[in-house]
Amino acid sequence: MQIASEIYLDLQDKTWPAAEIGTVGPWLLRASPGGGQRVNAATPLAAQSEDLINALDGVEAWYRQRGLEPLFQILEDHPPPAVLEALAQRGFEAGMACAVLEVPVAGLCTEPFAQDTRPYLIAVSCPLAELDELWRAGGIDSGRRAVMTRAAALGLGSQIFAGRLDQRLAGACFTARGDAASAGYACAHALLVTPWARRRHLGRDLVYQCARWAAQNGAETLAVSVELGNTGALALYQGLGFRPFCRYRYLRRP
Numbered sequence: 038m039q040i041a042s043e044i045y046l047d048l049q050d051k052t053w054p055a056a057e058i059g060t061v062g063p064w065l066l067r068a069s070p071g072g073g074q075r076v077n078a079a080t081p082l083a084a085q086s087e088d089l090i091n092a093l094d095g096v097e098a099w100y101r102q103r104g105l106e107p108l109f110q111i112l113e114d115h116p117p118p119a120v121l122e123a124l125a126q127r128g129f130e131a132g133m134a135c136a137v138l139e140v141p142v143a144g145l146c147t148e149p150f151a152q153d154t155r156p157y158l159i160a161v162s163c164p165l166a167e168l169d170e171l172w173r174a175g176g177i178d179s180g181r182r183a184v185m186t187r188a189a190a191l192g193l194g195s196q197i198f199a200g201r202l203d204q205r206l207a208g209a210c211f212t213a214r215g216d217a218a219s220a221g222y223a224c225a226h227a228l229l230v231t232p233w234a235r236r237r238h239l240g241r242d243l244v245y246q247c248a249r250w251a252a253q254n255g256a257e258t259l260a261v262s263v264e265l266g267n268t269g270a271l272a273l274y275q276g277l278g279f280r281p282f283c284r285y286r287y288l289r290r291p
């Protein structure tokens with residue numbers, strides 16, 4: 038799974054980029070206050086246990102200089118057990134595992150939408166107060182929306198889709214395309230359906246729309262990341278044919 042992990046980390050940094058990137062020894066460090074875990078975590082660039090362990094003091098100091106608590110994102114196939122033991126000795130504990138899932142976009146592009154009336158799904162290309170309010174209510178705050186703005190600025194291709202039900206916005210999703218090691222992939226982020234609109238197939242249709250966009254922009258595979266405890270999201274993705282790609286956990290001090 039080493040190759041899968043490398044692809045996912047590249048895809049993550051291309052489609053959900055941090056405000057600041059740095060390195061300490063063989064660790065890649067990300068910082069984006071308020072942007073969530075993925076853009077505030079350190080991941081190993083190399084698998085040499087001694088080098089990774091020797092750099093841990095520097096990694097912790099880098100985060101504290103920015104007013105952040107150190108956070109490590111550890112994929113399932115690396116680093117070696119000795120590094121995990123060293124982190125445990127420093128008081129770091131693993132949280133719930135997250136699964137990265139993937140699906141070929143070709144199989145989703147021909148699926149029919151639940152609603153035939155338009156506008157049902159819209160591509161958002163300018164600031165929209167109603168969308169900001171929808172995301173804010175769902176916990177996708179300004180820090181995460183800033184991540185989407187950075188992804189768009191990379192110029193690799195990105196799009197926000199929103200869905201309307203009963204003449205108001207009911208859900209949204211952001212998708213962006215990878216490049217280099219993750220060429221051929223797109224990743225969907227921040228999929229949200231407001232509680233009153235659930236069980237009406239809007240989440241499914243937003244994924245269909247992301248797949249269509251991905252195919253139109255040269256991607257063959259759509260990826261998502263979801264906590265294993267999020268049974269509703271897992272059921273949605275598995276029902277659409279998504280399959281496991283890799284897994285990771287975050288390690289932090291309680």
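Each residue of the sequence shown is one higher than the last, beginning at 38 in our numbering.
C-beta atoms are modelled at their ideal positions from N, C-alpha and C, and glycine is treated no differently.
Determine which residues share a DSSP beta bridge with residue i and list them.
| i | result |
| --- | --- |
| Gln57 | Just to set this straight, residue 57 is Glu in the shown sequence, not Gln. BP columns for Glu57 point to Ala68. |
| Cys283 | Val137 |
| Ile197 | Val161, Phe211 |
| Gln110 | Tyr287 |
| His226 | Phe211 |
| Leu206 | Arg201 |
| Ala252 | For Ala252, which the question treats as bridged, DSSP gives no partner whatsoever. |
| Ala131 | Leu288 |
When you compare the CB of residue i with every CB in chain D, is at least one pair closer than 7 Å?
| i | result |
| --- | --- |
| Asp169 | Among the chains of the structure shown, chain D does not appear; only one protein chain is present. |
To the nearest angstrom, how far is it from the Cα of residue i to the Cα of residue j?
| i | j | result |
| --- | --- | --- |
| Val61 | Gln204 | 51 Å |
| Gly175 | Ile159 | 19 Å |
| Cys198 | Ala166 | Before going further, note that residue 198 is Phe rather than Cys in the sequence given. One C-alpha to the other measures close to 14 Å. |
| Ala123 | Ile90 | 7 Å |
| Leu65 | Pro54 | 13 Å |
| Phe211 | Thr258 | 15 Å |
| Ala207 | Gln85 | 48 Å |
| Ser262 | Thr80 | 16 Å |
| Gly194 | Tyr222 | 11 Å |
| Lys51 | Tyr285 | 18 Å |
| Val230 | Arg127 | 39 Å |
| Ala213 | Glu43 | 18 Å |
| Leu277 | Ala83 | 35 Å |
| Cys163 | Leu121 | 44 Å |
| Gly104 | Ala56 | 14 Å |
| Ile111 | Ala78 | 9 Å |
| Asp178 | Glu170 | 9 Å |
| Val142 | Ala125 | 40 Å |
| Leu243 | Arg201 | 11 Å |
| Gln152 | Arg241 | 11 Å |
| Ser219 | Gln246 | 20 Å |
| Gly144 | Asp216 | 22 Å |
| Thr268 | Leu228 | 14 Å |
| Trp250 | Val161 | 13 Å |
What does a CB cutoff of less than 8 Å around residue i pick up in its chain, not counting 5 residues either side in sequence?
| i | result |
| --- | --- |
| Gly180 | Ser69, Pro70, Gly71, Gly72, Gly73 |
| Arg289 | Glu106, Pro107, Leu108, Phe109, Phe129, Glu130, Gly132 |
| Arg101 | Pro107 |
| Gly266 | Met133 |
Tell me which same chain residues have a C-beta within less than 7 Å of the C-beta of residue i, skipping the five on either side of it?
| i | result |
| --- | --- |
| Glu264 | Met133, Cys135 |
| Phe282 | Ala41, Tyr45, Val137, Leu138, Glu139, Ala260 |
| Gln49 | Arg75 |
| Trp99 | Gly59, Val61, Leu66 |
| Glu4 | In this structure the chain extends from 38 to 291, so residue 4 is not present and cannot be described. |
| Ala183 | Gly72 |
Please classify residue i: does DSSP put it in a helix, a strand, or coil?
| i | result |
| --- | --- |
| Glu167 | helix |
| Ala92 | coil |
| Val261 | strand |
| Pro232 | helix |
| Glu148 | coil |
| Thr154 | coil |
| Ala79 | strand |
| Met38 | Because the pLDDT at Met38 is just 47, under 50, the model does not fix this residue reliably, and the value given afterwards should be weighed accordingly. Looking at Met38 - three-state DSSP - the assignment turns out to be coil, as it is neither helix nor strand. |
| Leu105 | coil |
| Arg187 | helix |
| Pro118 | helix |
| Ala272 | helix |
| Val244 | helix |
| Gly176 | coil |
| Ala84 | coil |
Could you name the residues of the same chain whose beta carbon sits closer than 6 Å to that of residue i, not counting the 5 residues immediately before and after it, in chain order?
| i | result |
| --- | --- |
| Phe279 | Leu138, Val140 |
| His226 | Trp53, Phe211 |
Counting beta carbon pairs with one atom in the segment 113-124 and one in the segment 147-166, are three or more of them shorter than 8 Å? These segments do not touch.
Any chance the segment 90-106 sits against the segment 253-273, with 3 or more Cβ pairs inside 8 Å? Contact between the segment 90-106 and the segment 253-273 is absent, because fewer than three Cβ pairs lie under 8 Å.
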